[in-house]
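Taking it in order: structure first as structure tokens, then the write-up.
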Amino acid sequence: MALIRQKQVVVVGAGAFGGWTALQLQRQGANVTLCEMAAAGHGLSSSGGESRVIRHVYPKRIYVDMAARAMKLWEQADRDWGQQLFHRKGVLFMSTGGDFVDRARGHMSNAGVDFENLNASQLASRYPQLNPDGLESAIFEPSAGYLDASRACAVVRKAFLEAGGQWREGRVEPGVIRNGEMPGVILPGGDVLNADRLVFACGPWLKRMFAGLIGNNLAVTRQEVYFFRIPKDQVESLGAGLPVWAEIGKTCWYGIPGANGLFKLADDTHGREVDPDTQSREPTAVGVESARRYMRFRFPGMSGAQLADAEVCQYTVTPDHDFVLDWHPQAENVLLVGGGSGHGFKHGPALGELAADVILDRRSAPAEFSLSRWQ
Ligand SMILES: Cc1cc2nc3c(=O)[nH]c(=O)nc-3n(C[C@H](O)[C@H](O)[C@H](O)COP(=O)(O)OP(=O)(O)OC[C@H]3O[C@@H](n4cnc5c(N)ncnc54)[C@H](O)[C@@H]3O)c2cc1C
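Written out as structure tokens, the structure reads:
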């Protein structure tokens, strides 16, 4: 009987995309080395920090389906690993105008996702803790919620190691492409780690690493996240009593109330372009004031709340906000995965499954995520 040799795969980057890709590949029989310059989900990466929203509400069908698959896989992971990374607090997605929520409704109905429509007066009576001014309608998704972020990356790494994967710490460089292939990655000492196939899931660092190829189509933007302490007399209504929420229209604010007694709040507007290695991780006074102003308006009970903590992170944004998952046009054994565009974390398990299938020649990369869409 002929022996089929296991594919040697190197995955660079242990964030939400690379970590899950490495785990899914290892589970599917590849021999995987995961290269990471720091810890999985470290504080400078896009997957670091406390939490991320998970929801089906998307105006494009591909993400509704991916979110559905990802939710199943997050649930399965919680069962298998005996811990809770996925918190089903429910998600309230409110609209102040535009067609984002209406388009999402159509796709979610077609995909059979369980959700409830709320009009402005239903919103006002159900959530007296929020000021309904300017809100037109909302979707409430009871089975959605939030995920632990940094902690999930560490747990995925552990599962990957337990599945037999290899871990290499250090900043690697792409190898030199010869005859249409990349033989491996260059390790910090200059040695080459060879592989049959390679996945570069380097988050914001992808822009510089493949500057000539995708640099112009990735914007690495600065994003601030604030954690305000919920006043003692508001803990029930603004903590436990409020689902994860987002408001989309002219602006987009979102929040995760209640985790650790804090009220997480962030503006989804893309900040200025930054370098992930050198950008300041201190919140700006202007940003904090803008968060306070919004909070005073929409959640009056949070007026005057004390700022307990802040995180500064970065999005890697593509022009259409769609991900990148495609073969390198000059190296047929190299898959590029990234462009999370501020919404990638939740999809980690589903995107990892897709990337693993593409690497193992079981599925083609979706046209939506192709590099050729920009030509
Ligand atoms: C503030 C903020 C809020 C967000 N909110 C949400 C949300 O609510 N819901 C949601 O779904 N998504 C959200 N996102 C988006 C989501 O977090 C990202 O899309 C996702 O984490 C991107 O993961 P990644 O693996 O591509 O990148 P990263 O997490 O940055 O991982 C890339 C990894 O590659 C490593 N690396 C890079 N270069 C090298 C090299 N040369 N050698 C070795 N290692 C290397 C890095 O160290 C890093 O660990 C948010 C993002 C931010 C910043």
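Each residue of the sequence shown is one higher than the one before, counting from 4 in the numbering used here. C-beta: ideal position from N, C-alpha, C; glycine also. Source: prediction; values computed, not measured.
Where does residue i sit, in a helix, a strand or coil, going by DSSP?
i	result
residue 182	coil
residue 314	strand
residue 308	coil
residue 61	coil
residue 285	coil
residue 87	coil
residue 116	coil
residue 270	strand
residue 29	helix
residue 300	helix
residue 336	strand
residue 216	helix
residue 206	helix
residue 352	helix
residue 362	helix
residue 211	helix
residue 149	strand
residue 254	coil
residue 265	strand
residue 4	Below a pLDDT of 50, predicted positions are generally treated as unreliable, and residue 4, at 48, falls in that range; no measurement from the model is reported.
Nearest to residue i by CA position, among the options, is which residue?
i	options	result
residue 146	84, 331 and 90	90
residue 97	140, 210, 66 and 118	140
residue 321	223, 293, 290 and 138	223
residue 355	159, 279 and 269	159
residue 323	285, 274, 306 and 376	376
residue 34	50, 165, 153 and 149	165
residue 268	296, 282, 330 and 284	296
residue 58	342, 143 and 317	143
residue 364	32, 221, 115 and 191	32
residue 287	228, 78 and 124	228
residue 316	290, 80 and 46	46
residue 88	250, 349 and 209	349
residue 342	314, 182, 373 and 312	373
residue 8	335, 221 and 198	198
residue 234	253, 137, 311 and 130	311
residue 334	120, 292, 109 and 182	182
residue 326	251, 309 and 217	217
residue 328	99, 136 and 351	351
To the nearest angstrom, how far is the alpha carbon of residue i from that of residue j?
i	j	result
residue 367	residue 361	6 Å
residue 272	residue 255	7 Å
residue 127	residue 134	7 Å
residue 184	residue 277	31 Å
residue 92	residue 258	12 Å
residue 347	residue 358	14 Å
residue 219	residue 68	29 Å
residue 167	residue 274	40 Å
residue 5	residue 107	Residue placement at residue 5 cannot be trusted, given a pLDDT of 49 that sits under 50; what the coordinates show is reported in the next sentence. Rounded to whole angstroms, residue 5 to residue 107 spans 50 Å at the Cα level.
residue 439	residue 20	Only positions 4 to 378 of the chain appear in this structure, which leaves residue 439 out of reach.
residue 244	residue 207	36 Å
residue 338	residue 330	4 Å
residue 155	residue 226	20 Å
residue 77	residue 191	34 Å
residue 94	residue 111	14 Å
residue 74	residue 247	16 Å
residue 371	residue 378	13 Å
residue 298	residue 290	12 Å
residue 132	residue 200	52 Å
residue 266	residue 232	6 Å
residue 66	residue 242	28 Å
residue 85	residue 179	43 Å
residue 116	residue 369	22 Å
residue 130	residue 44	34 Å
residue 306	residue 353	39 Å
residue 26	residue 152	17 Å
residue 209	residue 149	26 Å
Could you tell me how far apart the beta carbons of residue i and residue j are, in whole angstroms, since I believe they sit closer than 8 Å?
i	j	result
residue 163	residue 22	7 Å
residue 318	residue 49	7 Å
residue 196	residue 13	6 Å
residue 345	residue 205	Actually they are not in contact, since the Cβ atoms of residue 345 and residue 205 sit about 17 Å apart, beyond 8 Å.
residue 230	residue 313	7 Å
Between the segment 49-67 and the segment 253-263, do at least 3 Cβ pairs fall closer than 8 Å? Output reads yes: the segment 253-263 touches the segment 49-67.
Please determine if the segment 167-175 and the segment 22-39 are in contact, where contact requires at least 3 C-beta pairs separated by less than 8 Å. With a cut-off of 8 Å, the segment 22-39 and the segment 167-175 count as touching, because enough Cβ pairs lie within range.
Below 8 Å, can you find three or more Cβ-Cβ pairs linking the segment 100-112 to the segment 61-76? Taking 8 Å as the limit for Cβ pairs, the verdict is that the segment 61-76 does touch the segment 100-112.
Is it the case that the segment 296-311 contacts the segment 203-214, given that we only count it when at least three CB pairs across the two stretches are under 8 Å? Cβ pair count under 8 Å is below three, so no.
Taking contact to mean 3 or more Cβ pairs, one atom from each stretch, closer than 8 Å, check whether the segment 281-292 and the segment 187-196 are in contact. No, the segment 281-292 is not in contact with the segment 187-196.
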